[in-house]
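There are 2 protein chains.
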Amino acid sequence: MAASLNIPIDRSSPIPLYHQVVQGIEAMIRSGTLEPGSRLENEIELAAQLNLSRPTMRKAMDELVRAGLLVRKRGVGTQVVASQVRRHLELSSLFDDLSRGGKQPTTKVLAFRHGPAERDIAETLQLPPDVGVYHFTRLRSVGEKPLALMENWVRDDVAELTEEGLRQSGMYQILRDAGVNFRLANQRIGATVADEYQAELLETAPGSALVTMERTAVDDTGRNVETGRHVYRADSYSFEMTLVQR
Amino acid sequence: MAASLNIPIDRSSPIPLYHQVVQGIEAMIRSGTLEPGSRLENEIELAAQLNLSRPTMRKAMDELVRAGLLVRKRGVGTQVVASQVRRHLELSSLFDDLSRGGKQPTTKVLAFRHGPAERDIAETLQLPPDVGVYHFTRLRSVGEKPLALMENWVRDDVAELTEEGLRQSGMYQILRDAGVNFRLANQRIGATVADEYQAELLETAPGSALVTMERTAVDDTGRNVETGRHVYRADSYSFEMTLVQR
DNA sequence: TTAGTGCGTATGTGTGGACAAACTGTTGAC
DNA sequence: GTCAACAGTTTGTCCACACATACGCACTAA
């Protein structure tokens, strides 16, 4: 038996119709109203039920297929994916992640400098000659437990950063508030073992495992705004993601 | 000056028109014909140049925006992203990755078993009661250099696996050849340090850093086909990806 | 000089229709 | 009884059109 949708569509809302449908179906899947593995009515029928055109309905379903929540097969139909799906790895900061998880992250600024960039950083960020960088190192903890040691470089023509500001909130939040719209980031995840310096700060033993992450973030004007090198205690942090076949 | 496109469109090809455009633009960007940061003509004009409708043109550009190669701004136009963009982290095996990189991966099967699943594995794979698993451990090397130690479980109702087959090619290749269409995978990346067993096999020192990866893969019918726990030498392997803000 | 207004331009959203291609189950021939 | 051809269903692709909305710039008025 194919499942119908019962989603309120508000045509006066500023939220696009297809996105209202996306939110509605996602809510039904995550709440269990649409069971894993169940089959949906065909596109034409669903569009008619919600008084939408088929292209609009399809656009909504396209997004859900990309997100990995639905699976389509020509000549057969559309199904809800059986396994639970995490949200796609997002372009967010550790601070936001922890905050959303109900944790209380605290930040200690270990070093803070503002000036011209070293050559390798200037190259990584593709900096014009007259643009400098903020360079700072932070220790991020949850409760009393240190979690991450983070070194970052931010070009100084996108926002004004202060040591005080970095203590108060996440770097990404500050940059977003300053009008930076992040678009994408190149990221590399690896592993290393703690040296004495890292071990002392992270309150772990030298030689214990650390997750390493290097990231360079790009804004909507195509500038490389920020690059950083982070290490995380492996016993407290790992990267989870859902990969979707295209 | 806004850039035009010069892409051959073959309307008799089985490849959809919008995908031909995607391939064409991507090729122009990667070859440098379209320079990073350069602006494209507007959608209407580009569609006209290629004798396509605007929706088709937009669908192509949508994909490139999602892939992080283009950036659009309403009222302004479409630009090529300045920084170089890696391909999105794909649902592929280490074997494929190495082969594409021109390497010659070799595989040693350390253990191979076929039978009923342990309870935690049965739960992870959501196995029906009468389905068993293949359980095997492999050592993957490039040249003489060991790179990864991989333990996997595969449900036995999707394909027939043999020790010999696993020596010859990658697990994903075997499963694909057997008609399994992978759709998505949940994956977790972390770090650990090598114990004596791992160190000996990977020809490194106990206590050296290893990248860990756990993955469960889902096929297009929604079944959890495979799960595995891998460790990689951190000095030889890391995970690279491009995150795209949506 | 400067702040605000308006207009042109480009992308964003939504509709309707047409035909193609793939999969499934059934029918019919041998 | 087996297998191939066929028809029905459903998603995939493509087009033409209309209107909404955001951005940037030039012009205007205080």
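Protein sequences appear in the order of chains A and B. Every letter in the first sequence is one number past the one before it in UniProt numbering, and letter 141, counting from 1, is 141. Every letter in the second sequence is one number past the one before it in UniProt numbering, and letter 244, counting from 1, is 244. Quick reminder that beta carbons are idealized off the backbone N, C-alpha and C, glycines included.
Between the C-alpha atoms of D235(B) and L46(A) there is a straight-line separation of about 52 Å.
Sorting I29(B), I15(B), S31(B) and L40(B) by C-alpha distance to the C-alpha of A3(B) places L40(B) at the top. Shown here, I25(B) sits in a helix according to DSSP, grouped into three states. For D219(B), the enclosing beta strand (DSSP E) covers residues A209 to D219. Per the DSSP secondary-structure output, P8(A) pairs with nothing in a beta bridge. Look at E226(A) here: in three-state DSSP terms it is strand. Contact annotation, D219(A) with V211(A): C-beta distance approximately 26 Å; criterion of less than 8 Å not satisfied. For N152(A), the closest Cβ of chain B is not nearer than 8 Å. In chain A, no part has a C-beta under 7 Å from the C-beta of N42(B); the shortest such distance is about 18 Å. For S53(B), no CB of chain A lies under 8 Å from its own CB, so it is not counted at the interface with that chain.
Taking C-beta atoms as the reference points, T242(B) and T227(B) fail to come closer than 8 Å. For R188(A), the enclosing beta strand (DSSP E) has its first and last residue at F182 to V193.
Residues of the stretch 178-207 of chain A with a Cβ closer than 9 Å to any Cβ of chain B, in chain order: N181, F182, R183, L184, A185, N186, Q187, R188, I189, G190, A191, T192, V193 and G207.
Within chain B, the residues G222 have their CB atoms less than 7 Å from the CB of Q79(A), given in chain order. Ranked by Cα distance from R223(A), the options R58(A), G24(A), I9(A) and V131(A) are led by V131(A). If you draw a straight line from the Cα of Q173(B) to the Cα of M61(A), it comes to about 29 Å.
The Cβ neighbour count for G170(B), taken over all protein chains shown within 10 Å, is at least 16; the residue is labelled buried. Contact check for S238(A) and I189(B): beta-carbon distance about 6 Å, within the 8 Å limit, so the pair qualifies. Any Cβ of chain A closer than 8 Å to the Cβ of V76(B) would place that residue at the interface, and such an atom is absent.
Cβ proximity to chain A below 7 Å picks out V218, D220, G222, R223, N224, A234, S238, F239, E240, M241, T242, L243 and V244 from the stretch 214-244 of chain B. Contact of V211(A) with chain B by beta-carbon distance below 8 Å involves I189, G190 and A191. When DSSP states are grouped into helix, strand and coil, R176(A) belongs to the helix group.
The criterion of a C-beta distance shorter than 8 Å is not satisfied by P36(B) and V65(B).
Boundaries of the alpha helix (DSSP H) around L64(A): R54 to A67. Counting along the chain, L70(B) sits inside the beta strand (DSSP E) bounded by residues L70 to K73. Annotation for R140(A): the continuous beta strand (DSSP E) segment containing it runs V133 to V142. Beta-carbon to beta-carbon, A209(A) and V193(A) are separated by about 6 Å, close enough to satisfy the 8 Å threshold. Between the alpha carbons of P16(A) and E63(B) lies a gap of roughly 19 Å. Shortest Cα-Cα distance from A159(B) to any of R140(B), K145(B), Y134(B) and G143(B) involves Y134(B). According to the DSSP assignment, A159(A) belongs to no alpha helix (DSSP H), since it is labelled neither H nor E. The straight-line gap separating the alpha-carbon atoms of T221(A) and D156(A) is approximately 15 Å. By the CB criterion at 8 Å, F136(A) and A117(A) fall outside the cutoff. Shown here is that no member of the stretch 131-151 of chain B has a Cβ falling below 8 Å from a Cβ of chain A. Using a Cβ distance threshold of 8 Å, V142(A) and P105(A) count as a contacting pair.
A residue is called buried once 16 or more other Cβ atoms fall within 10 Å of its Cβ, and V76(B), having fewer, is exposed. For K108(B), there are no neighbours in chain A by C-beta distance under 9 Å, as the nearest C-beta there is about 23 Å away.
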